[in-house]
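Student:
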Amino acid sequence: MLLLTIDWSFIIEKLILISVILGASLGVATYATWGERKVAAWMQDRKGPSRAGPFGLLQPIADGIKLFFKEEIIPTDANRFLFILGPSLAMLTACMASAVIPWGPSIELESGRIIALQVADINIGILYVFGVVSVGVYGIMLGGWASNNKYSLMGSVRAASQAISYELAMGISLIALLMMTGTLSLAEIVNQQHGFWENGWFTWNVAKQPLGFIIFLVCAFAELNRAPFDLPEAESELVAGYHTEYSSMKLGFYLFAEYVNLFISSAILITLFFGGYNFPFMDQVAGSVSPVVFSIICVLVLLTKTIMMILFFMFVRWTIPRFRYDQLMNLGWKSLIPLALVNMLITGAIIIWVLN
Amino acid sequence: MQELTNKRVAVDRKPMTFMERLYIPTIIKGLFITVGHIFKKPATISYPEQQRPFSPVFRGLHILNRDEQGREKCTACGLCALSCPAEAITMEAAERTKGEEHLYKEEKYAAKYEINMLRCIFCGLCEEACPKDAIYLSETVAQANYTRKSFIYNKEDLLIPNPNETH
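Those protein sequence lines, which keep their order, are chains Y and C. With the numbering used here as the guide, the letters of the first sequence map in order to residues 1 to 356. With the numbering used here as the guide, the letters of the second sequence map in order to residues 357 to 523.
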């Protein structure tokens, strides 16, 4: 009788949600590569990919096909298992973080059934994201180590040390935010940022934690291995860092995981600091349309905000030159971590003496 | 001592102020510049569909000219081959026989005329040396190819189409 007690519609509902979110994040990541090339081209007064399909829209698909048909090389002295595990882990962790992002408000059907537009509303949502992102470092480290190439190993050490040192400042800057929200659940944090303006102040966390936001943003750049912190790869001058020995789709997985990460971290940034799916005058809109339409509007709002965030990441990448390695470490340990600590202390003081 | 030019600029070695060390205002300023470029007209053109006009003195691939009646002008005097600094031109002369007056303008003509485009430096000295106005540099560029042999252009490749023959 165990089978009857399982809520099958719940499982099907979640499976559909998971596949839609996975497909959407992979799709957005695919077209982020196209968008990045277009943005880079426009910024440099060029045209960008324009041959494959209208406006070069088939370019990412052509790139994917090319990567699949390339010769797959595994170095003789490489550890085969770990060599394959590296890119798989990078891809897996990139996709896993999307599970806790609330993509829209819950839909209440006429039958009384509530469908949450979030795969799992766990009460430690942010902690989960941090855990998953930290596992992503293993993908880089394993890939570099299993290649059995000293340059790959050095590249992976650089990448891992950068990711770990910026994770610290990121976490501390987030503690200040969590002290204000009082919860780790992402759905709860989004609900607290309802609307846009309330009680004479913005409801979005970016207005409550501006310094925390800037620290988090800078750390997100470093976590994503993007310019100005892209020196683990330094694709324009070094030998590509940790994925020197990779070819074919295994290389493609590493590059693609980076764009999935870009999408997911933009979505998390929006969820934490820019109100997630909330938008100004949402109560008036909610009153005039059906709940399903309202949910769709909310999802579209979140996607629009996320894409704008991705564009911002791209604008910065093609504007600022790369940091030197000592500058990177100086900024992380000597500036961002003390700043984040001060921010945390000030927030704590305000919560105790002003808000109470 | 008097300066030769007034172009000397003193280097500013003042330590950076706090605002400058923040970097964020400068980064925003830089972002405005790069984002502004998004709305500018790209300098690139889509090459095979659109082409830029060549300058009037452009020297491209050679052509062998014909006169108004469609006869080859070249008389195989060899001056072009003599003047060629890259020694790219080879030719063999032949005598015009009776009944070939409609093909060749002079009594002597080039039976074989080859230019090695890999040797040619497109200086245009052959064009200047030619007493019969038979060779000209056109406005086309040599096509890319896979073999060295295909870059040796023979008379059929170089001759302009006969205006009297309808194709």
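Note that the Cβ used here is the ideal one computed from N, Cα and C, for glycine as well.
Between Y:37, Y:267, Y:94, which lies nearest to residue 55 (chain Y) when the distance is taken from Cα to Cα?
Tutor: The shortest Cα separation from residue 55 (chain Y) among Y:37, Y:267, Y:94 belongs to Y:37.
Student: What is the DSSP secondary structure of residue 242 (chain Y), counted as helix, strand or coil?
Tutor: Residue state, collapsed to three classes: helix.
Student: Could you name the residues of chain Y that residue 383 (chain C) contacts, counting a contact when the two beta carbons are closer than 8 Å?
Tutor: By Cβ distance, chain Y contributes 316, 319, 320.
Student: Starting from residue 264 (chain Y), follow the alpha helix (DSSP H) in both directions and report where the run begins and ends.
Tutor: Segment 248-273, the alpha helix (DSSP H) holding residue 264 (chain Y).
Student: Enumerate, from N- to C-terminal direction, the unbroken beta strand (DSSP E) stretches of 3 or more residues contained entirely within the stretch 372-444 of chain C.
Tutor: Here the runs fully enclosed are 418-420.
Student: Since residue 468 (chain C) and residue 431 (chain C) should fall inside the 8 Å C-beta cutoff, what is the C-beta to C-beta distance between them, to a whole number of angstroms?
Tutor: The pair is not a contact, with the Cβ atoms about 14 Å apart (cut-off 8 Å).
Student: Can you look up residue 138 (chain Y) in the DSSP assignment and give me helix, strand or coil?
Tutor: Looking at residue 138 (chain Y) - three-state DSSP - the assignment turns out to be helix.
Student: Please confirm whether residue 46 (chain Y) has its beta-carbon closer than 9 Å to some beta-carbon of chain C.
Tutor: Interface residue, yes.
Student: Pick out whichever of Y:271, Y:230, Y:329, Y:347 has its Cα sitting closest to the Cα of residue 321 (chain Y).
Tutor: With distances taken between Cα atoms, residue 321 (chain Y) lies closest to Y:230.
Student: Anything in the stretch 25-57 of chain Y with a Cβ closer than 8 Å to a Cβ of chain C? List those residues in chain order, please.
Tutor: Per Cβ criterion, the list reads 39, 41, 42, 43, 44, 45, 46, 47, 50.
Student: Determine, for residue 500 (chain C), whether the minimum Cβ-Cβ distance to residues of chain Y falls below 9 Å.
Tutor: Chain Y, which has no Cβ nearer than 9 Å to the Cβ of residue 500 (chain C), makes this no.
Student: For a contact defined as C-beta to C-beta under 8 Å, what are the partners of residue 402 (chain C) on chain Y?
Tutor: Those within 8 Å of residue 402 (chain C) in chain Y are 47, 50.
Student: Taking Cβ-Cβ distances shorter than 9 Å, what residues in chain Y pair up with residue 394 (chain C)?
Tutor: Simply 39, 42, 43, 315.
Student: How many whole angstroms separate the CB atoms of residue 184 (chain Y) and residue 124 (chain Y), which I take to be in contact at a CB cut-off of 8 Å?
Tutor: Between residue 124 (chain Y) and residue 184 (chain Y) the Cβ distance is about 5 Å, and since that is below 8 Å, they are a contact.
Student: Against chain C, does residue 84 (chain Y) count as a neighbour if the rule is that its beta carbon must be under 9 Å from one of theirs?
Tutor: So, not an interface residue.
Student: Need the endpoints of the beta strand (DSSP E) that residue 151 (chain Y) sits in, please.
Tutor: Segment 150-181 is the alpha helix (DSSP H) holding residue 151 (chain Y); no beta strand (DSSP E) there.
Student: Do residue 516 (chain C) and residue 421 (chain C) have their beta-carbon atoms positioned less than 9 Å apart in this structure?
Tutor: Cβ atoms of residue 421 (chain C) and residue 516 (chain C): closer than 9 Å.
Student: If you reduce the DSSP assignment to three classes, tell me which class residue 451 (chain C) lands in.
Tutor: Note: residue 451 (chain C) maps to strand in three-state DSSP.
Student: Can you tell me whether residue 114 (chain Y) is buried or exposed? The criterion is at least 16 other CB atoms within 10 Å of its CB, across all chains shown.
Tutor: Per the 10 Å Cβ criterion, exposed.
Student: Between the beta-carbon of residue 211 (chain Y) and the beta-carbon of residue 343 (chain Y), is there less than 9 Å?
Tutor: Result yes, Cβ atoms of residue 211 (chain Y) and residue 343 (chain Y) sit closer than 9 Å.
Student: Quick check on DSSP: helix, strand or coil for residue 105 (chain Y)?
Tutor: In the structure shown, residue 105 (chain Y) sits in a strand (DSSP, three-state: E or B).
Student: Looking at the C-beta of residue 426 (chain C), does it have a partner C-beta in chain Y at a distance below 9 Å?
Tutor: It does not; no Cβ of chain Y falls within 9 Å.
Student: When you compare only the Cα positions, how much space is there between residue 192 (chain Y) and residue 203 (chain Y)?
Tutor: Approximately 8 Å between the Cα atoms of the pair.
Student: Against chain A, does residue 386 (chain C) count as a neighbour if the rule is that its beta carbon must be under 9 Å from one of theirs?
Tutor: In the displayed structure, chain A is absent; the protein chains listed are Y and C.
Student: Beta-carbon within less than 7 Å of residue 151 (chain Y)'s beta-carbon, same chain only, minus the 5 sequence neighbours each way: which residues are those?
Tutor: The answer, listed in chain order, is 239, 244.
Student: I want to verify the contact list: residues of chain Y whose CB lies under 9 Å from the CB of residue 391 (chain C), in sequence order.
Tutor: Neighbours of residue 391 (chain C) on chain Y, chain order: 43, 315, 319.
Student: Count the C-beta pairs between the stretch 253-260 of chain Y and the stretch 159-179 of chain Y that are closer than 8 Å, then say yes if the count reaches three, no if not.
Tutor: The answer is no - the stretch 159-179 of chain Y does not touch the stretch 253-260 of chain Y, with fewer than three Cβ pairs under 8 Å.
Student: Go to residue 470 (chain C), then tell me how far its beta strand (DSSP E) extends in each direction, as first and last residue.
Tutor: 464-472 is the span of the beta strand (DSSP E), which, as asked, contains residue 470 (chain C).
Student: Do residue 298 (chain Y) and residue 279 (chain Y) have their CB atoms nearer than 9 Å?
Tutor: A contact, by the Cβ cut-off of 9 Å.
Student: Is DSSP giving residue 456 (chain C) helix, strand or coil here?
Tutor: It is coil, neither helix nor strand.
Student: Within the 9 Å Cβ cut-off, does residue 398 (chain C) reach chain Y?
Tutor: By this cut-off, residue 398 (chain C) is an interface position.
Student: Are residue 88 (chain Y) and residue 21 (chain Y) touching if we call contact CB-CB under 9 Å?
Tutor: No; because the gap between Cβ atoms is not below 9 Å, this pair is not in contact.
Student: Compute the distance between the beta-carbons of residue 218 (chain Y) and residue 142 (chain Y), then report whether it is under 9 Å.
Tutor: No, the pair does not count as a contact, with Cβ atoms beyond the cut-off.
Student: Taking the alpha-carbon positions, what's the residue 327 (chain Y) to residue 350 (chain Y) distance?
Tutor: Near 33 Å, if we compare the C-alpha coordinates of residue 350 (chain Y) and residue 327 (chain Y).
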